[in-house]
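Okay, structure first, notes after.
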Amino acid sequence: SKQLPQSDLSYCFYNAIFDNESAITPLTDRLGEVTNLDYCFYKSVVGIEVLDEFEIGANASLNYTFGECSNISELDGLVIPPSVKSSEGLFFKCPIQTITNVKINTNGSCKEIFKDNKKLATITNLTMPNATNFESAFENCILLDELPFKEISDRVISIAKMYYNCSNPTSIDGFSFGSS
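The numbering of the sequence shown is the numbering used here, which starts it at 51 and goes up by one.
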């Protein structure tokens, strides 16, 4: 079948409901590299596994891709490739309760990535080694009892409101800035 030229799927499945992620396989099988998934599944009922259906291209954008997806309650083993340049609001306002063994290799902004995840309580082994912006990343994660990032590298340009309204953490021991 013919290869489709589209690389921009922004808003494509906004507010959609899928009984099965394989429903979009006939489309994704014909796509080449996708570079824009902004708001693609915003407010949709879809599993995070759908991301495996796409070949993420260079300088890709995943802004608010899964924002307000009401059925994403955990992230386990997810890896976002370094070809992604922006993951702002990627999981904005999702009912995620736990994050385990997740590596977000975004080479750019992760602003508001988990903002308003009001059920998020446990984070184990979350890394974002290439992120440059953590502004409001965990804002309003009111159940979070331990801060997932205590070492902020020199490449990070903003941590404004990073843990705003996270009232549960009992300690910031070990918090450090820069490469020293």
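Here a beta-carbon is modelled for each residue, glycine too, at the ideal position from N, C-alpha and C.
Handout entry: Straight-line Cα distance separating Asp88 from Ala110
Key = 9 Å
Handout entry: Supposed close pair Lys169, Gly139 - CB separation, criterion 8 Å
Key = Not really, about 17 Å apart at Cβ, beyond 8 Å.
Practice task
Could you work out which residue in Ile207, Glu71, Ile74 and Glu105 is closest to Val134 when comparing CA atoms only?
Solution key: Glu105
Practice task
Specify the secondary structure class of Ser230 as computed by DSSP and reduced to three states.
Solution key: For Ser230, the predicted structure reports a pLDDT of 43, less than 50, and the residue's modelled location is therefore unreliable. The matter cannot be settled from this model.
Handout entry: Nearest neighbour of Thr174, chosen from Leu128, Val206 and Thr156 [CA to CA]
Key = Leu128
Practice task
Return the CA-CA distance between Ser159 and Val96, expressed in angstroms with no decimal places.
Solution key: 24 Å
Practice task
Would you decide whether Thr220 is buried or exposed? Buried here means 16 or more other CB atoms lie within 10 Å of its CB.
Solution key: exposed
Practice task
Rounded to whole angstroms, what's the CA-CA distance from Val206 to Glu99? Just pull it up for me.
Solution key: 29 Å
Practice task
With distances taken Cα to Cα, identify the nearest neighbour of Ser57 among Leu81, Thr172 and Gly224.
Solution key: Leu81
Exercise for the section: Would you tell me roughly how many angstroms separate the C-alpha atoms of Cys90 and Phe63, rounded to the nearest one? Expected result: 5 Å
Handout entry: beta strand (DSSP E) segments (min. 3 residues) lying fully within the stretch 56-91
Key = 83-86
Handout entry: Delimiting residues of the beta strand (DSSP E) encompassing Asp126
Key = Glu124 to Asp126
Practice task
Go ahead and label Leu101 buried or exposed: buried means 16 or more other beta carbons lie within 10 angstroms of its beta carbon, across all protein chains shown.
Solution key: buried
Practice task
With a floor of 3 residues, list each beta strand (DSSP E) that falls wholly inside the stretch 165-189, ordered by position along the chain.
Solution key: 172-177
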